[in-house]
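So the structure is just underneath, and the comments pick up after that.
In our numbering, the protein residues as written are 1 to 375.
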């Protein structure tokens with residue numbers, strides 16, 4: 001065995017876990033968890049250290065402090081020099097209840113990345129401070145508005161902005177026998193030349209009609225936008241990434257007989273992903289993909305005193321369309337190719353499962369499937 005084929009893995013683990021429990025278990029004097037964990041690993045010429053730290057304490061009867069630190073450093077040792085990569089995340093949270101229904105919290109977050117291993121300027125420094133109000137008038141409703149400031153340095157470009165956001169949760173709201181759940185979260189960061197967005201919406205309605213029969217409908221939508229500085233041959237520019245997802249899912253279970261239940265699940269998804277490079281007023285479209293996916297599952301489960309059986313059918317269709325114009329010449333060295341292609345695939349599968357209980361401790365099972373995939 002040659003030296004190049006040898007792989008050496010050395011793992012060092014040191015952990016310290018402390019816990020303090022107050023004699024009074026009232027909400028004002030709860031458990032105070034602390035942990036400090038250090039790990040080291042080596043794989044050939046790559047060394048990695050990871051340190052995690054957590055601390056939570058009630059400073060007063062009502063003021064709570066929560067600190068989390070995650071630090072990772074990597075060393076790649078080569079003949080010419082040593083390359084280091086440092087990644088650090090620090091979160092500090094303070095929360096204070098103003099009343100039984102309203103509380104206020106402050107979050108401080110710091111992220112620093114130093115990455116000479118990347119081979120290009122990949123260093124990032126990001127700091128954020130956020131103030132949140134948590135309003136929960138009852139067990140069904142929760143509203144959390146927030147506002148904060150942002151500082152970021154990337155590709156030697158520094159800017160400062162502010163952020164606005166909030167979330168709303170509705171749980172177990174019954175209307176005409178139907179249980180309703182709603183989750184909405186939105187956040188926007190505004191910078192002089194950039195903007196970040198993150199919106200998520202999920203609505204679920206369900207009802208159980210009688211034993212073994214229930215219906216659930218889920219509708220969801222999300223939109224993510226990230227603007228970041230990047231550098232090319234012509235200088236610094238802003239890269240814009242936008243991803244949108246929307247879909248619907250339905251789950252139905254129906255008891256067709258005392259020992260037989262039919263399950264039907266259908267999901268339809270659509271998505272769009274775009275990448276733009278913005279230089280002043282010019283916009284260079286680098287990627288524009290539109291995706292679609294349809295999944296359907298049908299299953300019949302039957303069971304007896306000492307046996308069970310299941311017959312299932314799965315169907316999936318997926319497609320991706322490249323919406324960019326085909327008039328441009330491809331750039332073989334670009335990070336995002338300028339010429340793409342459209343794809344479609346179809347998967348169909350039939351499954352059969354069954355089993356019997358031979359004795360109290362032994363059982364015999366059978367599984368068979370047949371599938372077809374077309375691309």
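Ideal Cβ placement from N, Cα and C applies to all residues, glycine included. Just so it is clear, the structure is predicted and the values come from calculations on it, not from any experiment.
- residue 300 versus 281, 160, 262, residue with shortest Cα-Cα distance: Here residue 300 is taken as the residue at index 300 of the chain shown, counted from 1. For residue 300, the nearest C-alpha among the options comes from 262.
- Query: Exposed or buried, residue 154, counting other C-beta atoms within 10 Å across all chains shown (16 or more means buried)?
  - Reply: By 1-based counting over the chain shown, the position of residue 154 is 154. Buried: at least 16 other Cβ atoms inside 10 Å.
- Is it buried or exposed for residue 12, if we count other Cβ within 10 angstroms and need 16 for buried? Sequence index remark: in the chain shown, residue 12 carries index 12 (1-based). Note that residue 12 has pLDDT 38, beneath the 50 cutoff, so the model's placement of it is unreliable and no number is given.
- Can you tell which of 357, 226, 215, 290 has the C-alpha that lies nearest to the C-alpha of residue 187? For the purposes of this step, residue 187 is identified with residue 187 of the chain shown, where counting begins at 1. Nearest C-alpha to residue 187: 226.
- Item | Reduced DSSP category for residue 269 - H, G, I as helix; E, B as strand; rest coil | Taking the first residue of the chain shown as position 1, residue 269 is located at position 269. Note: residue 269 maps to strand in three-state DSSP.
- Query: Do residue 93 and residue 70 have their C-beta atoms within less than 7 angstroms of each other?
  - Reply: Working through the chain shown from its first residue, we reach residue 93 at position 93. Working through the chain shown from its first residue, we reach residue 70 at position 70. No.
- Query: Is DSSP giving residue 118 helix, strand or coil here?
  - Reply: If you number the chain shown from 1, residue 118 lands on position 118. If DSSP states are grouped into helix, strand and coil, residue 118 belongs with the helices.
- Query: So which of 359, 302, 344, 228 has the shortest CA-CA distance to residue 377?
  - Reply: With the chain represented from 1 up to 375, any question about residue 377 goes unanswered, as that position is not in the structure.
- Query: How long is the line joining the alpha carbons of residue 259 and residue 302, rounded to whole angstroms?
  - Reply: Counting from one through the chain shown, the residue named residue 259 turns up at place 259. Counting from one through the chain shown, the residue named residue 302 turns up at place 302. Computed Cα separation, rounded: 6 angstroms.
- Anyone know if the C-beta pair for residue 345 and residue 318 falls short of 7 angstroms? Taking the chain shown and counting its residues from 1, the one referred to as residue 345 is at position 345. Taking the chain shown and counting its residues from 1, the one referred to as residue 318 is at position 318. The Cβ atoms of residue 345 and residue 318 lie closer than 7 angstroms to each other.
- Task: Could you tell me which residues DSSP puts in a beta bridge with residue 145?
- Result: Counting from one through the chain shown, the residue named residue 145 turns up at place 145. Partner(s): 166.
- Item | Distance, residue 130 Cα to residue 124 Cα | Within the chain shown, numbered from 1, the residue matching residue 124 stands at position 124. Within the chain shown, numbered from 1, the residue matching residue 130 stands at position 130. If you take the alpha carbons of residue 124 and residue 130, they lie about 20 angstroms apart.
- Best match in 290, 307, 253 for proximity to residue 242 [C-alpha to C-alpha]: By one-based count along the chain shown, residue 242 stands at place 242. Measuring from the Cα of residue 242, the nearest candidate turns out to be 290.
- Query: Does the beta-carbon of residue 237 have 16 or more other beta-carbons within 10 angstroms, so that it is buried, or is it exposed?
  - Reply: For the purposes of this step, residue 237 is taken as the residue at position 237 of the chain shown. Residue 237 is buried by the Cβ-count criterion.
- Task: Measuring alpha carbon to alpha carbon, tell me which of 286, 264, 281, 184 ends up nearest residue 273.
- Result: As a working note, residue 273 is residue 273 in the chain shown. For the residues 286, 264, 281, 184, the minimum Cα distance to residue 273 belongs to 286.
- Query: Does the beta-carbon distance from residue 239 to residue 277 come in below 7 angstroms?
  - Reply: Mapped onto the chain shown, residue 239 falls at position 239. Mapped onto the chain shown, residue 277 falls at position 277. Taking the C-beta atoms as reference points, residue 277 is found nearer than 7 angstroms to residue 239.
- Query: residue 172 bridges to which residues according to DSSP?
  - Reply: Reading the chain shown from its first residue, position 172 is the one you call residue 172. Beta-bridge pairing links residue 172 to no other residue.
- Item | Close-in-space but distant-in-sequence residues of the same chain around residue 53 (CB under 6 angstroms, 5 per side omitted) | Position 53 of the chain shown holds residue 53. Once the five neighbours on either side are set aside, the close Cβ partners of residue 53 are 36, 69.
- By a C-beta neighbour count over all protein chains shown, 10 Å radius and 16 as the cutoff for buried, is residue 31 buried or exposed? Along the chain shown, one-based indexing puts residue 31 at 31. Annotation note: pLDDT 47 at residue 31 (below 50); position unreliable, coordinate value reported separately. It is exposed - the Cβ of residue 31 has fewer than 16 other Cβ atoms within 10 Å.
- Does the separation of the CB atoms of residue 177 and residue 163 fall below 7 angstroms? Translated into positions along the chain shown, residue 177 becomes position 177. Translated into positions along the chain shown, residue 163 becomes position 163. Between residue 177 and residue 163, the C-beta spacing is not below 7 angstroms.
- Query: What number of angstroms, rounded off, separates the C-alpha of residue 294 from the C-alpha of residue 269?
  - Reply: As a working mapping, residue 294 is identified with position 294 in the chain shown. As a working mapping, residue 269 is identified with position 269 in the chain shown. Rounded to the nearest angstrom, the two C-alpha atoms are 6 angstroms apart.
- Message: Quick check on DSSP: helix, strand or coil for residue 214?
- Response: Translated into positions along the chain shown, residue 214 becomes position 214. Collapsing the DSSP output to three states places residue 214 in a strand.
- Message: For residue 254, list the residues DSSP reports as bridge partners.
- Response: Here residue 254 corresponds to residue number 254 of the chain shown, with the count starting at 1. Residue pairing of residue 254 in beta bridges, as defined by DSSP: 262.
- Beta carbon of residue 183, beta carbon of residue 207: below 7 angstroms? Stepping through the chain shown from its first residue, residue 183 is reached at position 183. Stepping through the chain shown from its first residue, residue 207 is reached at position 207. Residue 183 places its beta carbon 7 angstroms or farther from that of residue 207.
- Using DSSP bridges, identify the partner residues of residue 299. Position 299 of the chain shown, counted from the first residue, corresponds to residue 299. Per DSSP, 263, 312.
- Query: Taking the continuous beta strand (DSSP E) assigned at residue 66, which residues delimit it?
  - Reply: As a working mapping, residue 66 is identified with position 66 in the chain shown. First-last of the beta strand (DSSP E) with residue 66: 64–77.
- Expected contact under 8 angstroms - CB spacing of residue 81 and residue 50 to nearest Å: Against the chain shown, residue 81 aligns to sequence position 81. Against the chain shown, residue 50 aligns to sequence position 50. Not a contact, Cβ separation roughly 23 angstroms.
- Item | Boundaries of the beta strand (DSSP E) in which residue 369 is found, first to last residue | Position 369 of the chain shown, counted from the first residue, corresponds to residue 369. That run of the beta strand (DSSP E) goes 363–374.
- Query: Just how far apart, CA to CA, sit residue 161 and residue 91?
  - Reply: On the chain shown, residue 161 is found 161 positions in, with the first residue counted as 1. On the chain shown, residue 91 is found 91 positions in, with the first residue counted as 1. Going by C-alpha positions, residue 161 is about 19 angstroms away from residue 91.
- Item | Proximity winner among 279, 43, 114, 292, relative to residue 234 (alpha-carbon distances) | Taking the first residue of the chain shown as 1, we reach residue 234 at position 234. Checking every option, the nearest Cα to that of residue 234 belongs to 279.
- Delimiting residues of the beta strand (DSSP E) encompassing residue 97: Mapped onto the chain shown, residue 97 falls at position 97. Going by DSSP, residue 97 is part of the beta strand (DSSP E) stretching over 82–97.
- Tell me where the beta strand (DSSP E) around residue 54 begins and ends. For this step, residue 54 is matched to residue 54 along the chain shown. Where residue 54 is concerned, the enclosing beta strand (DSSP E) stretches over 46–58.
- Three-state secondary structure (DSSP) of residue 322: Position 322 of the chain shown, counted from the start, is the residue given in the question as residue 322. Residue 322 sits in a strand when the DSSP states are folded into three classes.
- Under the assumption that residue 309 contacts residue 354 (Cβ atoms under 8 angstroms), give the Cβ distance between them as a whole number of angstroms. By 1-based counting over the chain shown, the position of residue 309 is 309. By 1-based counting over the chain shown, the position of residue 354 is 354. 4 angstroms between Cβ atoms; contact.
- Output the boundary residues of the beta strand (DSSP E) element that contains residue 180. Here the question's residue 180 lines up with position 180 in the chain shown. Element bounds for residue 180: 178–190.
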